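See below for the structure under consideration.
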Amino acid sequence: MSIYGWNNDFNQLERSVNRLFDDFMKDLNTVKRSERNQNEVARRYWSPLIDVHESDKEFIVAADLPGIPKEQINLDVHDNTLVISGENKQEQKYKDGNTHIQERRFGSFTRSIPLPRNVKVDEISAKFNQGVLEVSLPKSEATGRKVTIS
Numbered sequence: 044m045s046i047y048g049w050n051n052d053f054n055q056l057e058r059s060v061n062r063l064f065d066d067f068m069k070d071l072n073t074v075k076r077s078e079r080n081q082n083e084v085a086r087r088y089w090s091p092l093i094d095v096h097e098s099d100k101e102f103i104v105a106a107d108l109p110g111i112p113k114e115q116i117n118l119d120v121h122d123n124t125l126v127i128s129g130e131n132k133q134e135q136k137y138k139d140g141n142t143h144i145q146e147r148r149f150g151s152f153t154r155s156i157p158l159p160r161n162v163k164v165d166e167i168s169a170k171f172n173q174g175v176l177e178v179s180l181p182k183s184e185a186t187g188r189k190v191t192i193s
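Quick note on my numbering: the sequence shown kicks off at 44 and runs consecutively.
In structure tokens form, the structure reads like this:
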């Protein structure tokens with residue numbers, strides 16, 4: 044093998060590595076743009092995080108709604124579904140300058156939770172404390188009977 048052939052192979056390897064690196068950087072930039080777009084959509088259309096707990100007497104739904112006044116929260120039951128909705132209005136606190144990071148979510152939200160059949164819908168109650176909405180869903184008595192096998 045001559046020194047020229049080795050040099051040509053090395054140049055070809057270098058071009059291949061450069062092409063791989065360029066492709067990687069293009070993909071990385073595409074991912075960054077996609078993440079920015081997803082974050083923007085997520086800030087506009089969001090639903091609160093919830094926990095659902097069950098005891099012998101009731102179900103408890105706890106929904107995180109930090110920074111939202113209770114007057115802007117709606118709680119409804121439709122077709123055996125608990126619906127938490129409302130709006131977190133964006134503050135226009137900073138009129139001058141540029142916002143570099145905005146992770147807090149603003150806009151309308153809805154969260155629907157299917158209810159089990161044994162919930163006493165007429166006795167549902169809720170309280171709101173320190174940004175957490177806690178909904179109490181009392182259970183109805185279990186109905187049934189023992190069937191005798193003949």
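No residue lacks a Cβ here, since even glycine has one placed at the ideal position from N, Cα and C. This one's a predicted model, so the numbers in the text were calculated from it and none came from an experiment.
Is LEU63 helix, strand or coil by DSSP? helix
Cβ contact (3+ pairs, closer than 8 Å) linking the segment 146 to 156 and the segment 129 to 137: The segment 146 to 156, when compared against the segment 129 to 137, does touch it at the 8 Å Cβ threshold.
Would DSSP call ASP119 helix, strand or coil? strand
What are the start and end residues of the beta strand (DSSP E) that includes GLY160? A small fix is needed here, since residue 160 is Arg in this sequence, not Gly. Note, ARG160: premise wrong, no beta strand (DSSP E); not H, not E.
Going by DSSP, name the residue or residues bridged to ARG147. Bridge partners of ARG147: none, in fact.
Could you check the C-alpha separation between LEU118 and ALA169 for me, to the nearest Å? 9 Å
SER179 and GLU101 closer than 8 Å at C-beta: yes
Any C-beta of chain C sitting closer than 8 Å to the C-beta of ILE167? Note that chain C does not occur in the displayed structure, where there is just one protein chain.
Do LEU158 and LEU108 have their C-beta atoms closer together than 8 Å? In this structure, LEU108 does not lie closer than 8 Å to LEU158 by Cβ.
Can the beta-carbon of ILE93 be found less than 8 Å from the beta-carbon of PHE171? no
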